[in-house]
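Asker: Counting along the sequence shown from 1, when you hit position 103 you're at 101 in the numbering used here, and nothing is skipped either side. No residue lacks a Cβ here, since even glycine has one placed at the ideal position from N, Cα and C. Quick caveat: nothing in here was measured; it's all calculated off a predicted structure. So that we are looking at the same thing, I have put the structure below in structure tokens.
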Amino acid sequence: IWGNGRWRRCTRGYAAQTACFGSLGYWTPLYLQKMKGIGGAVGGTTFGAIIVVTGIAGTMAGGWWSDRWRRTNPAAHLWVCAITTALSVPCIVAVVLAKAPSVVWSSVAVAGLLLVMRNGPVNAQLVDVLHPSERGTGMALAILALHLLGDVPGVPLVGMVADWRGMDLAFGML
């Protein structure tokens, strides 16, 4: 499995995005409270509700779009990942720049939706590049790698950047 270059590249990309998404999940409530004055139980509950709803809707939408597009484009799984990740960037920047809570919340929601739209396609891609006899082990290794290389170092790294250069930069780099 380690010798499969397509699997390695896909896993590395998945780990990088997991670092981003895991850090957003961890740091967003504190960021909203400290930098935007949106906090407390209402802010945490609102953020949690947004993540649940966008998680379900985005995962389903990304899988559906990727499967439909793959009928005519064999690289559709990767394209959906790339497009939705790229489209999430202005939404994250909008969270940093926005003053109005409604813009902040809508930007958080759209960014969350776009970032989870890669879940189905990236997992389908990982399975597609492996021989059927390697798929269980390959997915287990990918999940291990995306956590060890993704959210485990990503969350504290964002905290270090926040301590060093401020929360806006740390949040904006995601």
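Can you check whether the CB of Leu111 is closer than 9 Å to the CB of Gly56?
Answerer: Sequence index remark: in the sequence shown, residue 56 carries index 58 (1-based). Sequence index remark: in the sequence shown, residue 111 carries index 113 (1-based). Going by C-beta atoms, Gly56 is nearer than 9 Å to Leu111.
Asker: When you compare each of Thr44, Ser131 and Cys89 to Ser105 by their alpha carbons, which one comes out closest?
Answerer: For this step, residue 105 is matched to residue 107 along the sequence shown. Residue Cys89 is the option with its Cα nearest to Ser105.
Asker: Rank Gly61, Ala96 and Met171 by C-alpha distance to the C-alpha of Met158 and give the top, closest one.
Answerer: Here residue 158 refers to the residue found at position 160 when the sequence shown is read from its first residue. Of Gly61, Ala96 and Met171, the residue nearest in Cα terms is Met171.
Asker: Would you give the residue range spanned by the alpha helix (DSSP H) that Ser105 belongs to?
Answerer: To locate residue 105, count along the sequence shown from 1; it is residue 107. Where Ser105 is concerned, the enclosing alpha helix (DSSP H) stretches over Pro99 to Val114.
Asker: For the alpha helix (DSSP H) containing Ile(-1), list its first residue and its last residue.
Answerer: One-based indexing of the sequence shown puts residue -1 at position 1. Taken as a continuous stretch (DSSP letters only), Ile(-1) belongs to no alpha helix (DSSP H), as it is neither H nor E.
Asker: Please report the straight-line C-alpha distance between Arg133 and Ile54, rounded to a whole angstrom.
Answerer: Here residue 133 corresponds to residue number 135 of the sequence shown, with the count starting at 1. Here residue 54 corresponds to residue number 56 of the sequence shown, with the count starting at 1. One C-alpha to the other measures close to 24 Å.
Asker: Would you mind stating whether Gly60 and Val114 have Cβ atoms separated by less than 9 Å?
Answerer: Locating residue 60 in the sequence shown gives position 62, counting from the first residue. Locating residue 114 in the sequence shown gives position 116, counting from the first residue. Yes, these two residues count as a Cβ contact at 9 Å.
Asker: CA-CA distance, Val102 and Pro154?
Answerer: Counting from 1 along the sequence shown, the entry for residue 102 is found at position 104. Counting from 1 along the sequence shown, the entry for residue 154 is found at position 156. In a straight line, the C-alpha of Val102 is about 24 Å away from that of Pro154.
Asker: Starting from the Cα of Ser100, find the closest Cα among Ile48, Ala80 and Gly136 and give me that residue.
Answerer: If you number the sequence shown from 1, residue 100 lands on position 102. It is Ile48.
Asker: Please check the pair Ala13 and Ala143, which I expect to be a contact at CB under 8 Å, by giving their CB distance rounded to whole angstroms.
Answerer: To locate residue 13, count along the sequence shown from 1; it is residue 15. To locate residue 143, count along the sequence shown from 1; it is residue 145. Indeed, because the Cβ distance is near 6 Å, the residues count as touching under 8 Å.
Asker: Are Pro119 and His75 closer than 9 Å when you measure CB to CB?
Answerer: In the sequence shown, counting from the first residue as 1, residue 119 sits at position 121. In the sequence shown, counting from the first residue as 1, residue 75 sits at position 77. Yes, the pair counts as a contact, with Cβ atoms nearer than the cut-off.
Asker: Out of Trp162, Arg66 and Gly152, state which residue places its alpha-carbon closest to the alpha-carbon of Tyr24.
Answerer: Working through the sequence shown from its first residue, we reach residue 24 at position 26. For Tyr24, the nearest C-alpha among the options comes from Gly152.
Asker: Below 9 Å between beta carbons: does that hold for Thr26 and Asp149?
Answerer: What you label residue 26 is simply residue 28 of the sequence shown in a count that begins at 1. What you label residue 149 is simply residue 151 of the sequence shown in a count that begins at 1. Taking 9 Å as the Cβ cut-off, Thr26 and Asp149 do not qualify as a contacting pair.
Asker: Let me check understanding here. Comparing Cα to Cα, which of Ala168, Thr83, Ala96 and Thr135 lies closest to Ile36?
Answerer: Along the sequence shown, read from residue 1 onward, the residue named residue 36 stands at position 38. Residue Ala96 is the option with its Cα nearest to Ile36.
Asker: Give every residue of the same chain whose Cβ lies closer than 7 Å to the Cβ of Leu147, excluding the five residues on either side of it in the sequence, and list them in chain order.
Answerer: By one-based count along the sequence shown, residue 147 stands at place 149. Contacts found: Ala13.
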